[in-house]
Each structure stands twice: as structure tokens, then as C-alpha cells.
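Student: Sequential numbering from -8 applies to the sequence shown in this note's numbering.
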Amino acid sequence: MNKKKRVVLLSILLVFALVFTACAGGSDNGDDTARKVLRTNNSSEPGSLDPALAQGTHESWVLDHVFEGLMKKDQDGDIIEGMAASYTLADDNVTYTFVLRDDITWSNGEPVTAHDFEYSWKRALDPETAAYYSYQFYYIKGGEAYNTGEGTAEDVGVTAIDDTTLEVVLENPTAFFPELTSFYCYFPISKDVDEANPDWAKSPDTYVSNGPFLLTEWVHNASITIEKNEDYYDADLVNLDAIEFAILDDENTAWQRYEGGEFDFLTPLPQTVVARMMDENNPELVIGTDLATYYYNLNTETQPFNNVKVRQALSMAIDRESIVENVSQGGQLAAEGVVPYGIPDETGEDFRDGVGNLITYDPEGAKTLLEEGLAEEGMTLSDMNDFTLLYNTLEAHAKIAQAIQEMWRTSLGIEVNLENVDFQVKLDREKAGDYDISRAGWIGDYIDPLTFIDMWVTDGPYNDASYSNAQYDEYVQIARNSVDQAERMEAMRNAEELLMEEMPVVPIYFYTQPYAQKSYVTGVYKPVNRYPYFIYADMEVQ
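(1) Tell whether a beta-carbon distance below 9 Å holds between Pro335 and Phe443.
(2) Provide the residue(s) that pair with Tyr285 in DSSP beta bridges, ordered along the chain.
(3) Any idea which residues DSSP pairs Gln508 with across the strands?
(4) Restricting to runs no shorter than 3 residues, where is the beta strand (DSSP E) found entirely within the stretch 390 to 459?
(5) Is the CB-CB distance between Pro195 and Trp209 below 9 Å?
(6) Restricting to runs no shorter than 4 residues, where is the alpha helix (DSSP H) found entirely within the stretch 28 to 106?
(7) Cys14 by DSSP, collapsed to three states: which one?
(8) By the three-class DSSP mapping on this structure, what secondary structure does Phe168 have?
(9) What is the DSSP secondary structure of Gly279, counted as helix, strand or coil?
(10) Return the chain-ordered list of same chain residues with a C-beta closer than 8 Å to the C-beta of Ala555, the five sequence neighbours on each side being excluded.
(11) Buried or exposed: Ser77, going by 16 or more other Cβ atoms within 10 Å of its Cβ?
(12) Taking all protein chains shown into account, do 16 or more other C-beta atoms lie within 10 angstroms of the C-beta of Glu242, making it buried, or fewer, making it exposed?
(13) Where does Ala233 sit, in a helix, a strand or coil, going by DSSP?
(14) Identify the continuous alpha helix (DSSP H) that holds Ile152 and give its terminal residues.
(15) According to DSSP, is Tyr223 helix, strand or coil?
(16) What separation, rounded to the nearest whole angstrom, lies between the Cα atoms of Lys300 and Lys358?
(17) Using a threshold of 9 Å, state whether the C-beta atoms of Ala237 and Arg471 are closer than that.
(18) Can you name, in chain order, every residue of its own chain whose Cβ lies under 6 Å from the Cβ of Asp255, other than the five neighbours on each side?
(19) What's the C-alpha gap between Glu221 and Pro203?
(20) Would you kindly check if the distance between the Cβ of Phe128 and the Cβ of Ala105 is under 9 Å?
(21) Helix, strand or coil for Pro335? Go by DSSP, reduced to three states.
(22) Quick one: residues in its chain with C-beta nearer than 6 Å to the C-beta of Asp439, no 5 flanking neighbours on either side, listed in chain order?
(23) State buried or exposed for Ser313, treating a residue as buried only when at least 16 other CB atoms are found within 10 Å of its CB.
(24) Could you give the DSSP three-state label for Ile526: helix, strand or coil?
(25) Is it buried or exposed, Val474, if we count other Cβ atoms within 10 angstroms and call 16 or more buried?
(26) If you run the structure through DSSP and keep just helix, strand and coil, what is Asp341?
(27) Would you mind sorting Ser373 into buried or exposed? The rule is 16 or more other CB atoms within 10 Å of its CB.
(28) Can you give the beta carbon distance from Lys382 to Arg430, rounded, assuming they're within the 8 Å contact cut?
(29) Within its chain, find whatever has a CB closer than 8 Å to the CB of Arg420; leave out the 5 residues flanking it on each side and keep chain order.
(30) Need the endpoints of the beta strand (DSSP E) that Leu381 sits in, please.
(31) To the nearest angstrom, how far is it from the Cα of Tyr110 to the Cα of Gly134?
(32) Measuring only the C-alpha atoms, how far is Ala528 from Glu492?
(33) Do Met375 and Leu409 count as a contact pair if the criterion is CB distance below 9 Å?
(34) Return yes when at least one heavy atom of the ligand GDP lies under 8 Å from the C-beta of Arg343, else no.
(35) Quick check on DSSP: helix, strand or coil for Phe178?
(36) DSSP puts Val160 in a beta bridge; with which residues?
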């Protein structure tokens, strides 16, 4: 080959090398700059990406990035204005006036208006919508009456005064209401879009949102992709070009992909991985705080779980310290009730410290209680072998279920069966009452004990244990309605004590959220009561 031909060939090879090098860090955005695409895993297929119909973290994690409410959380966790430019609270302490920004639009280019907020909130309260979080709107005047069929939409205290002014009247003073509007059930949807196509949330082609990212691809049971919204009013704050959520329900497979460089961020992590990374002081491991409780539901509508002695016995036979030290191994705390640490009471003291530990570990006493309770139901220990503990498919849940199964076998002499299913299937079966015992978890929606306490009111939408106690309901009503913080907190202390005496749910531990992130990923913010935010994240393209 002559010298001239060799030079030409080398030039061609150099061009190809440059092209492939550029592509290695991400897809080309058209100006020779590699895109910042953060890759992670969302462990379950969302049941719905409609803010009114979503019900779990596998949905809210996406929604928190593609929508925005009146208020939002900044990088420090403070509640600041989002879609609202400002708000005021009248002297009556129940009337809020929110003024919207003048530079906010839907992803279809239409302006976001106060009418959209009024429509969205009333839609969530409409009984026909069957919104999972409809009860979170009960703080609004007339909200509960409308949702329960005793009032009308016109009676609900949310009114669009004009395109940019929203007036909200509450039933009672509620100090955390501005924070509540940052929660995903309070996100607005486009009134025009929903009225024209009620199925708008089922496809990226028709999906319309107002947040810092846009839903651009949803391959069911495989992946979700969201892209930066260049028309978002605060787009300069968003550094990532896109986020790719894989949908894998196997933690070990997800971890292998993280180790192999296919993910840049990962949560949850296999328990063995967390323990190893902690031992190694691995800088990629972060133990995030979580305002959350891991617990088991007991179906109180079926025998023998309708018997309080049986329920107490199952709880008393669980060694929670052993579980957090030897099984979960992620810095979790053994549960002392349903309300975790991290919520101040009226004195500024932690609510948990004020109530104290309401959980007892007494395997010998548990055996006696179980036999007494079963006898009252005309049953024996052998009858317990017919029951099943239901959990959703994750290695962590399996190991905890196996550990508790062994504790019950050893201390109580019973053999409970284990069944793992997809997360959405678990949720559906809980709602239908089609279970005996089920794994559950709850992340606080706002920083107040009520976000946990009000779950178990009679006929509450998340009362999957079907617990009902008039005294408990009365305590919750006091906590909801009183303007006296001392009275509210005392009512919630009494409620939690009563709940733990009757034990329709069995708290196991207070969560942490361990996650792994590559060294080139920065700016991830982990709210105490949310999954990690990537809105403020950045990354060096690899």
C-alpha cells in the first residue's frame, strides 16, 4: 500500500474512532456533546402514572420528576414555591391564596392554570375516580363530604378565582398544608387533556405533564425513559438530559447491572451487598434517611387474626433486634411502634421518644397467648399451618419473611407458608382482602405523626388490615381537627398505644434507604419521606 493510501485509510479509521468514542458516553445530542443520561432501576411496573391513581413508590418516583405541585422541595429539603409564585394565609388560619407563576406550561405548550388545580383536586375527591389518596384532601373544606357522597364538588373549598389565583379553604388550621401540596396526589393534571382523553396517562404519546422531565418512553415491564423538559420554568437548574428507569424486580440482577456499569445509581440493594459495602467503607454506598416503617398486615376479617391474642402473640414472637442486626443489615432500627423517629411533637421532642417503646419481645408469653387465642376461636396450633405470609418479590422481603417464619416455628410451633408475588399483585390482593398476613411499608407523606396514625381509621383506603375501633377513630378525628398542638399530639399518642395493644399491624423496623451511586454522579437529594430526587443531580459523562 502506498503512503498516500495509507494516510487516507488512517484518516478514515480516526474518524470512526472519534465517532465511537463520542457514542460511548451516551447518545449524541446533535452538537457533538454527549448527553447526560442517568440509568437506574425502578423495581416494579407502575400500575398508573396518573397522580390521582398512583399508590406506591414505584409510581411516585417517576411522578416526582415529571410533575410539580404548588410547592416543592429544594436541594436542602426545605419547602419552597413550585408552580406557585407566592401564597398567603388569611387571619382565619384556614384560607390560603396561591398565586401561580406566569411562566408555567404543560408539555403540550398550553399554560398551567388555577383551573387545572381546582379540576385535579376535585377529580381526586370524586368518588368515581377512586383515588387512593382521596383522604389526603379531607383537610380541604367539604372534601370528605364530597368523597363520601354526602356533599357536592361545588361545596369543596378549592376555587380558581382566575387563571393564576387559587383559593383554598380548609376545614381546620393545618400547619403542614403547604408541604402537603408538594405530595404527588396534589399534582395538577391538564383539565383540557383529561376531558378530551381520560386515558391520557397510559401512553407517552398522549402523556401531558408540567414537571422538570417529560415521559418519552414506557416499555411496559421493561423500562421508562424521561427527558429534560426544556420548557420547564427552572430548566437551568436541571443538569441531566434524561433518566432511564429499568424495571427489574430482582435485586441481585439489578446489582449485577450496577457492578457491570449499566446503572449509575441503584436502590434498593441486596442486603448482603449493603453489609459488604458497609464493612468495606465503600464510598459508593449512601445510607439515606427514611421516615418510614416496615410492617406486616394481619387480616382482621378472617380467623384467627380477628382475635387480639393471636395478633399479639405473632408480634411478641418476633425478635426485631435480630432482624435488623442479622438480616436487613442496613442501619435500620427495630420498630417501637408505627410512628418512626424524625417527627417532632408539640415540645420539639421527638414524638417517638415521647411515646416510648410499645413493642414487646416475649416468645414464651407469645406461645401462651397464641394457644389461648386459638382456643377462643375453636382452633389449634396445627390450623395455623394453613396460613400464608404474602410479600412482594425482593430478596430483602424474602429473607425477612424467612427469618420471621423461623421465629414463629421455633417459638410458637407453627409453620406459616410464604408466597411472593409482583408488587402490584400484592397491592391488589390486599385491597381485595385476599391474604392472611402481608408485608407492607409506609413512607410518611408529611412531617407529622398523623401521616401514620390516620392510616388505620375505619374504612381508610390504606387500612388493609380492615381494623375498626371507634375509640381509635375518635382519637384520629381530634388529631385532624384540633388547633391545639398539645391536644393533637396527646390524641395521637393515645391512638398509637391503642393500636399497639390491639396489634392489627405488626411493626418490624424503621427504614433506612441504602443506595449506591457511582462517583461521577453528584447532587442526588434524598428527602426524608421520598425516594431520591434526580432533579438537582449531575453527572460526568463516562
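Ideal Cβ placement from N, Cα and C applies to all residues, glycine included. From a predicted model like this one, the values you see are computed outputs, not experimental measurements.
Tutor: In terms of the structure at hand:
(1) No, the Cβ-Cβ distance between Pro335 and Phe443 is not below 9 Å.
(2) By DSSP's assignment, Tyr285 forms a beta bridge with Gly432, Tyr500.
(3) Beta-bridge pairing links Gln508 to Phe256.
(4) Listed in chain order, the complete beta strand (DSSP E) runs (minimum 3 residues) inside the stretch 390 to 459 are 408 to 412, 428 to 434.
(5) The criterion of a C-beta distance shorter than 9 Å is satisfied by Pro195 and Trp209.
(6) Listed in chain order, the complete alpha helix (DSSP H) runs (minimum 4 residues) inside the stretch 28 to 106 are 48 to 57.
(7) Note that Cys14 scores a pLDDT of 35, beneath 50, so its modelled location is shaky; the value from the coordinates is reported in the next line. In the structure shown, Cys14 sits in a helix (DSSP, three-state: H, G or I).
(8) Helix, per DSSP.
(9) Strand.
(10) The question about residue 555 has no answer here: the residues shown for the chain are numbered -8 through 533.
(11) Classification of Ser77: exposed, given that the 10 Å Cβ count is below 16.
(12) Glu242 is classed as buried because its beta carbon has at least 16 other beta carbons within 10 Å across all chains shown.
(13) Shown here, Ala233 sits in a strand according to DSSP, grouped into three states.
(14) Counted as a single uninterrupted DSSP element, the stretch harbouring Ile152 is not any alpha helix (DSSP H) but the beta strand (DSSP E) occupying residues 149 to 153.
(15) Tyr223: coil per DSSP, three-state reduction.
(16) Rounded to the nearest whole angstrom, the CA to CA distance from Lys300 to Lys358 is 10 Å.
(17) In this structure, Ala237 keeps its C-beta atom at 9 Å or more from the C-beta atom of Arg471.
(18) These residues qualify, in order along the chain: Leu29, Arg30, Lys509, Val512.
(19) When rounded, the separation of the alpha-carbon atoms in Glu221 and Pro203 is 8 Å.
(20) Going by C-beta atoms, Ala105 is not nearer than 9 Å to Phe128.
(21) If DSSP states are grouped into helix, strand and coil, Pro335 belongs with the strands.
(22) Contacts found: Phe167.
(23) Result: exposed.
(24) For Ile526, the three-state secondary structure derived from DSSP is coil.
(25) Under this definition Val474 is an exposed residue.
(26) It is a strand residue.
(27) Sixteen is the threshold: since fewer than 16 other Cβ atoms of the shown chains lie within 10 Å of the Cβ of Ser373, the residue is exposed.
(28) First, the amino acid is wrong: residue 382 is Tyr here, not Lys. Confirmed, Cβ separation roughly 4 Å.
(29) So the list reads Leu381, Val412, Tyr426, Ser429, once near-sequence residues are dropped.
(30) Counting along the chain, the beta strand (DSSP E) containing Leu381 begins and ends at 379 to 383.
(31) Cα-Cα distance, rounded: 13 Å.
(32) Using only the alpha carbons, I get a separation of about 44 Å.
(33) Contact flag unset, no.
(34) Inclusion of the ligand GDP in the displayed structure is not the case, the ligand content being empty and no account of it being possible.
(35) Here Phe178 sits in coil by DSSP.
(36) Partner(s): Thr86.
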